[in-house]
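Asks:
Number of protein chains: 2
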Amino acid sequence: MDKTVTLAQGNGGEENRTLISELFFRHLKNDTLQKAEDAAIIDDGRLAFTTDSFTVSPIFFAGGDIGKLAVCGTCNDLAMMGAQPKYMTLSVILEEGFETRSLERIVRSIKKELAQNGAQVVAGDTKVVPKGSVDRIFINTSGIGEVRVPGISASGIEEGDAIIVSRDIGRHGAAIFAGREGIELESEITSDCASLWPMVEALLEVGIVPHAMRDATRGGMAAVLNEWAEASSICIEVDEGAIPVSETVNGICEMLGFEATMLANEGTFLLAVDPDDAQKVQRILRDFPGNEAAAIVGEATMSYPKKVVLRSEWGTKRFLDLPTGELLPRIC
Amino acid sequence: MDKTVTLAQGNGGEENRTLISELFFRHLKNDTLQKAEDAAIIDDGRLAFTTDSFTVSPIFFAGGDIGKLAVCGTCNDLAMMGAQPKYMTLSVILEEGFETRSLERIVRSIKKELAQNGAQVVAGDTKVVPKGSVDRIFINTSGIGEVRVPGISASGIEEGDAIIVSRDIGRHGAAIFAGREGIELESEITSDCASLWPMVEALLEVGIVPHAMRDATRGGMAAVLNEWAEASSICIEVDEGAIPVSETVNGICEMLGFEATMLANEGTFLLAVDPDDAQKVQRILRDFPGNEAAAIVGEATMSYPKKVVLRSEWGTKRFLDLPTGELLPRIC
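Chains as they are written, first to last, in my numbering: chain Z, 251 to 582; chain H, 251 to 582.
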C-alpha cells in the first residue's frame, strides 16, 4: 500500500476497497463485519446498523444539501438490507465562523428527510474546530433499522435474475460537478438525492423480496454490479442501450470524458429480482415521482462468472470494470 | 444566537448547550432524544445508542491517541447508562497525504481498546478529502450497548446521595494542552483516557446500582455536576479539598489559570450512589490501576437546589458554575 493516503482511496472503487480490506478489515475483522454489506446485521438478525460521514462540497447543491444527503445516505443503507430506518444519531463537526443560518437550513432539511423515512434522531454530538481545521461542515449519521425481510444480499443473486435500475443514473455526480465548477448547462441538472425506503416498502408490501438491492453511491452503478458479480460468483450482463441516462448527464459525460455508470447517485438503486417479478417491480418503481425511467437493464448469467458485461446496441460486448482513480472527491 | 458558530459553542459548557437546544433540539425533538443523556435508550429500554466525533489535536498524545479515544468516548457513553458496549461503527475522514503508518497505528489502538470493552466494529466508512479540507484525521464512532440495569439517570439523584469521583481529575485536558503547546514539565502528565465498562461491570456484579453516572469529558467535573443538579433539582455540595488532583495537573492549572474541575477527562467518571454503598464503591474503584485516588467528594443536599456548591477547606462556600468560554478546542 502507498505510504500516504490518496484521494483515489476514497473513490468507492478499487483503491478504496484495498484500503478497507488491508487496513481496517485486517485488524478489526469479525464475523458480523465480514458479512456486513451496506449495513451490518446484528442482534440475531433483528436489526441493521450502519454509519456514513458526509463531506460533500458544495454543501448546498441542486436537489439537496449535506443535511438531506446525510439522512438519505444512512437510511438508504438500511433500506437496501430490507430494514426500516428507525433510529439515527447525528454528529456535526463545524468550522468556527460557519453561518448559523446555513446550519439551521441544514437541520430543517434533516428533519424533513427523516419524516420520509419515519425515523428519528435520538442522540447527537456537536464539535466546533478552529478556522482551517475543517472545510465548513462535516456530518456523520449512524442508523439502526428493523429488518423486515432477512437475507437480501449481494451474494444472493441467482442465474436468470433480472437486473433493474430504479431511475436514470449519474445525476448526483453530475450535479455536484456542475455546481462545483460553475458549469453553465442548457437545462439544469438536479441530484437524485432521495430516500429509498418508501420504494422498498412498496415492494415488500406486495410480497416482492429482491435477492439483492444496493444504492449506487460512490463508484456508481459500475461499482455495485462488480461487487455483486464477485459476491455471487455470477456474470451480470447489461444492455448499454437500456440504461436510463438523461440527456444532460450524457452531455456532461461526453464533455468531460466520464462514464455515466461510474458517476455517483444518492437516490438510485439497483435490484436483482426473480425474472417473473421484473415487470411488476419496474411498474411499482415508476409510480414514484422521479423514477419514471426505472428499467430492466440486464440479467445474471453464467457466461463470465465474477465479471460485468456491457452489451452495446451493435451486438459487441465489453467488460465494465470496477472504477479506479480519483473520480470526484467530496461527492458525498 | 450569534450569526456564526463560535469555538465556545463546542466547549461542553453553557454555549454548547444553547446551540444544541436552540438549534438541534428545537427542530429534531422527540421523546427519545429529549430523554437521552450520554446515550439514547431505545428498543423498549433494551439498548443504548450513542455517537461521538473526534477531532483531537495532536492525534497522538501522552496516554493515548485519536483511535483509543474514539473507542473510549463512545463505549464510555454507553457504560454510563449501565449498558454493556456491544457493536460499534467506525467512520474515518482522512486528509489526502495522511501517513498510512499513522493510520495503521490508530487502527491497532482501536482494536486493543475494543477488547477492553468486549465490543466489535461491525460497519464502517472511509472518506478521503483533498489537502486542506480537514486537519489530518477525524473519526466518528457510534455504538450500541445492551442495557444491563435500567434507570441510571442524571435525574435520579436523591438527597443524601454520596458523590464519588473515580480518580484524579483533569489529566486529559492537561496532557493535550501540554502536548499541543510543547510545555516542558518536571513530571510527565499522561491522559486518563480509558474504558470505563470494566469498572461499571464490577459495581453491577456486586449488586451496586449507582443512581447516576457520567464521564467528565468536555466541560469537566463542573459540567457534569451542574447538569446533575439541574436535572435532579438538587444541590450538590463538594469538598474542594477532597477532589483528587495530581500535583502536575495542579501545577498546569496554576500556571495557566485553569480550574481543574473544568478540564476535560476521558477515563474519569462521577457517580451518585446510596450513601450506604459509598465506601464499597470507593474500594472497588481503587482496585483498578490508575484509580487509586477514587474519592467520596461530597453529597446531594437540599440547600441550594439546582446549584453546585464548593466547600473550601476553610469553611467558606462558593458556587461552581457551568463552564463558559472557549476552554480548549479540539480536546476530543
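We treat Cβ as the ideally placed atom computed from N, Cα and C, and that holds for glycine.
Inspect the CB distances between the segment 339-355 of chain Z and the segment 387-398 of chain Z and report whether three or more fall short of 8 Å.
Replies: The answer is yes - the segment 387-398 of chain Z touches the segment 339-355 of chain Z, with three or more Cβ pairs under 8 Å.
Asks: Helix or strand or just coil, what does DSSP make of residue 398 of chain Z?
Replies: Correct three-state label for residue 398 of chain Z: coil.
Asks: Please compile the residues from chain Z whose C-beta is within a distance smaller than 7 Å of the C-beta of residue 277 of chain H.
Replies: Within 7 Å Cβ-Cβ: 357, 358 and 361.
Asks: Closest to residue 299 of chain H by CA distance: which of H:396, H:345 and H:459 is it?
Replies: Residue 299 of chain H has its Cα closest to that of H:396, out of H:396, H:345 and H:459.
Asks: Report all residues from its chain with a CB closer than 6 Å to the CB of residue 550 of chain H; omit the five preceding and five following residues, and keep chain order.
Replies: 407, 409, 411, 484 and 486, listed in sequence order.
Asks: So within the segment 535-576 of chain Z, which uninterrupted beta strand (DSSP E) runs reach at least 3 residues, ignoring any that extend past its ends?
Replies: The qualifying runs are 545-551, 558-561 and 567-569.
Asks: To the nearest angstrom, how far is the alpha carbon of residue 308 of chain Z from that of residue 477 of chain Z?
Replies: Those two C-alpha atoms are separated by around 29 Å.
Asks: In the DSSP assignment, what are the bridge partners of residue 265 of chain H?
Replies: The partner list for residue 265 of chain H (beta bridge, DSSP) is empty, contrary to what the question assumes.
Asks: Please report how far the alpha carbon of residue 414 of chain Z lies from the alpha carbon of residue 569 of chain Z, in whole angstroms.
Replies: Approximately 19 Å between the Cα atoms of the pair.
Asks: Quick one: Cα of residue 529 of chain Z to Cα of residue 454 of chain Z, how far?
Replies: Going from the Cα of residue 529 of chain Z to the Cα of residue 454 of chain Z covers about 15 Å.
Asks: Contact criterion: CB-CB distance below 8 Å. Does residue 255 of chain Z meet it with respect to chain H?
Replies: So yes, residue 255 of chain Z belongs to the interface.
Asks: What is the DSSP secondary structure of residue 253 of chain H, counted as helix, strand or coil?
Replies: Of the three classes helix, strand and coil, the one that applies to residue 253 of chain H here is coil, per DSSP.
Asks: Using CA coordinates, which residue listed in H:261, H:262, H:253 and H:290 is at the minimum distance from residue 329 of chain H?
Replies: When each option's Cα is compared against that of residue 329 of chain H, the closest is H:290.
Asks: Could you tell me whether the Cβ atoms of residue 419 of chain H and residue 470 of chain H are closer together than 8 Å?
Replies: Yes, the Cβ-Cβ distance between residue 419 of chain H and residue 470 of chain H is below 8 Å.
Asks: Please classify residue 552 of chain H as buried or exposed, where buried requires at least 16 other C-beta atoms within 10 Å of its C-beta.
Replies: It counts as exposed.
Asks: If you follow the alpha helix (DSSP H) that residue 512 of chain Z is in, where does it begin and where does it stop?
Replies: First-last for residue 512 of chain Z: undefined, no H or E at that position.
Asks: Would you call the segment 254-273 of chain Z and the segment 563-581 of chain Z in contact, with 3 or more CB pairs under 8 Å?
Replies: Yes: at least three Cβ pairs fall under 8 Å.
Asks: Does any residue of chain Z have a CB that is nearer than 8 Å to the CB of residue 273 of chain H?
Replies: It does; some Cβ of chain Z falls within 8 Å.
Asks: Find out if the Cβ-Cβ distance for the pair residue 542 of chain Z, residue 536 of chain Z is shorter than 8 Å.
Replies: Taking 8 Å as the Cβ cut-off, residue 542 of chain Z and residue 536 of chain Z qualify as a contacting pair.
Asks: What did DSSP end up calling residue 335 of chain H once you bin it into helix, strand or coil?
Replies: Note: residue 335 of chain H maps to strand in three-state DSSP.
Asks: Is residue 260 of chain H close to chain Z, meaning its C-beta is less than 8 Å from at least one C-beta of that chain?
Replies: Yes, contact with chain Z.
Asks: Nearest chain Z C-beta to residue 371 of chain H closer than 8 Å, yes or no?
Replies: Cβ-Cβ to chain Z under 8 Å: yes for residue 371 of chain H.
Asks: Note the first and the last residue of the continuous beta strand (DSSP E) segment covering residue 403 of chain H.
Replies: Taken as a continuous stretch (DSSP letters only), residue 403 of chain H belongs to no beta strand (DSSP E), as it is neither H nor E.
Asks: Name the DSSP beta bridge partners of residue 414 of chain Z, please?
Replies: DSSP output for residue 414 of chain Z lists Z:521 and Z:546 as bridge partner(s).
Asks: Within the chosen definition, does the segment 267-280 of chain H reach the segment 448-465 of chain Z through at least 3 CB pairs nearer than 8 Å?
Replies: As far as the Cβ criterion goes, the segment 267-280 of chain H does not touch the segment 448-465 of chain Z, which means the pair count is below three.
Asks: So if I threshold CB-CB distances at 7 Å, which residues from the segment 374-385 of chain H count as touching chain Z?
Replies: Of all residues in the segment 374-385 of chain H, 374, 375, 376, 377, 378, 379, 380, 383, 384 and 385 have a Cβ within less than 7 Å of some Cβ in chain Z.
Asks: List the whole-angstrom C-beta distance separating residue 520 of chain H from residue 474 of chain H, where the pair is believed to meet the contact cut-off of C-beta under 8 Å.
Replies: Right, the Cβ-Cβ distance comes to about 5 Å (below 8 Å), so this counts as a contact.
Asks: Output needed for residue 545 of chain Z: all residues of its chain with C-beta closer than 8 Å, excluding positions within five of it in sequence on either side, in chain order.
Replies: Contacts found: 414, 415, 492, 493, 494 and 532.
Asks: Since residue 294 of chain H meets chain Z, which of its residues come closer than 9 Å, beta carbon to beta carbon?
Replies: Those do not exist, as residue 294 of chain H stays about 12 Å from chain Z at its closest Cβ, beyond 9 Å.
Asks: Please tell me whether residue 255 of chain Z and residue 347 of chain H are closer than 8 Å, where the distance is taken between their beta carbons.
Replies: Closer than 8 Å, so yes.
Asks: Quick one: grab the DSSP three-state call for residue 433 of chain Z.
Replies: Here residue 433 of chain Z sits in coil by DSSP.
Asks: Can you pull the chain Z neighbours of residue 427 of chain H, defined as C-beta to C-beta under 9 Å?
Replies: Simply none; closest approach about 15 Å.
Asks: What do you get for residue 505 of chain Z, buried or exposed, if any count of 16 or more other CB atoms within 10 angstroms of its CB means buried?
Replies: Residue 505 of chain Z should be labelled exposed.
Asks: Using the beta-carbon count (16 or more within 10 Å), is residue 363 of chain H buried or exposed?
Replies: Residue 363 of chain H is buried by the Cβ-count criterion.
Asks: Along the chain, where does the beta strand (DSSP E) that runs through residue 379 of chain H open and close?
Replies: 370-379 is the span of the beta strand (DSSP E), which, as asked, contains residue 379 of chain H.
Asks: For residue 311 of chain H, which beta-bridge partners are listed by DSSP?
Replies: For residue 311 of chain H, which the question treats as bridged, DSSP gives the partners H:314.
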